[in-house]
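Chains as they are written, first to last, in the working numbering: chain A, 1 to 115; chain B, 116 to 231.
A short worksheet on the structure shown next.
And the structure:
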């Protein structure tokens with residue numbers, strides 16, 4: 001069965017420091033991978049996605065992620081965190097039979113940013 | 116509309132009552148999804164619509180849950196005889212093409228359901 005694991009439930013970083021959020025997936029075929037961000041009281045906003053091609057993908061707000069098939073990972077990175085990045089981050093894999101678009105989400109990582 | 120719209124934004128209901136949650140997807144989006152976000156369970160898929168049909172209902176937790184979509188647009192998620200464990204945020208998302216796997220799903224703000 002498809003699954004997504006985000007090992008870190010909560011991460012705290014200082015403003016200006018670098019960030020890496022981990023994501024591991026289990027999926028039999030080539031995965032479609034996503035990172036979403038959810039600010040308090042808000043819906044989910046797509047940060048970036050990987051379907052195929054270049055394994056390093058760039059997203060909005062200065063985020064990037066690297067797909068590593070050998071490690072079944074899709075870690076999210078940002079070189080310098082801003083206070084406004086404090087939110088909950090979800091990794092997801094496109095799952096199900098073809099043409100459904102159903103997403104399987106990880107449990108989420110809450111990011112706290114210290115001034 | 117400009118985005119996925121869900122109503123109500125908050126709903127408090129008594130245990131045993133029925134509730135209806137509404138989702139108005141982005142105009143022209145053929146794929147529509149319902150997810151549930153609850154403490155301890157994270158984000159769970161409930162049901163997928165392609166047009167008015169629901170080829171994947173595998174995430175509906177019990178027969179108290181049902182959903183329909185009319186006119187290829189608005190969808191309603193109905194929960195009958197609500198229980199306290201139904202308390203959660205119910206999120207709706209829509210996607211522009213039938214091949215939803217390779218396209219972005221746009222999420223609404225959600226409906227926070229509290230069963231007391």
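C-beta: ideal position from N, C-alpha, C; glycine also.
Under the three-state reduction of DSSP, residue 137 of chain B is assigned to strand. For residue 100 of chain A, the closest Cβ of chain B is nearer than 8 Å. In the three-state scheme derived from DSSP, where H, G and I count as helix and E and B as strand, residue 171 of chain B is classed as strand. Per the DSSP secondary-structure output, residue 65 of chain A pairs in a beta bridge with A/57 and A/76.
For residue 200 of chain B, the three-state secondary structure derived from DSSP is helix. Annotation: Cβ neighbours of residue 108 of chain A in chain B (cutoff 7 Å, chain order): 157.
With respect to the 8 Å criterion, residue 32 of chain A and residue 2 of chain A are not classified as neighbours on the basis of their beta carbons. Taking 8 Å as the threshold, the shortest C-beta distance from residue 49 of chain A to chain B falls below it.
In the structure shown, residue 3 of chain A falls within a strand segment according to DSSP collapsed to helix, strand and coil. With a contact defined as Cβ atoms closer than 8 Å, residue 208 of chain B and residue 222 of chain B qualify at about 5 Å. At a cut-off of 8 Å between beta-carbon atoms, residue 117 of chain B makes no contact with chain A.
Residue 60 of chain A sits away from residue 76 of chain A, with the two beta carbons spaced by 8 Å or more.
Residue environment for residue 93 of chain A: buried (at least 16 other C-beta atoms within 10 angstroms of its C-beta). Going by C-alpha positions, residue 121 of chain B is about 17 Å away from residue 186 of chain B. Taking 8 Å as the cut-off, the Cβ atoms of residue 148 of chain B and residue 102 of chain A count as close. At the C-beta level, residue 124 of chain B and residue 224 of chain B come within 8 Å of one another.
Contacts with chain B (Cβ-Cβ distance below 7 Å) from the stretch 20 to 42 of chain A involve 32 and 42, listed in chain order. Between residue 107 of chain A and residue 157 of chain B a beta carbon distance of about 5 Å is seen, short of the 8 Å cut, so the two are scored as contacting.
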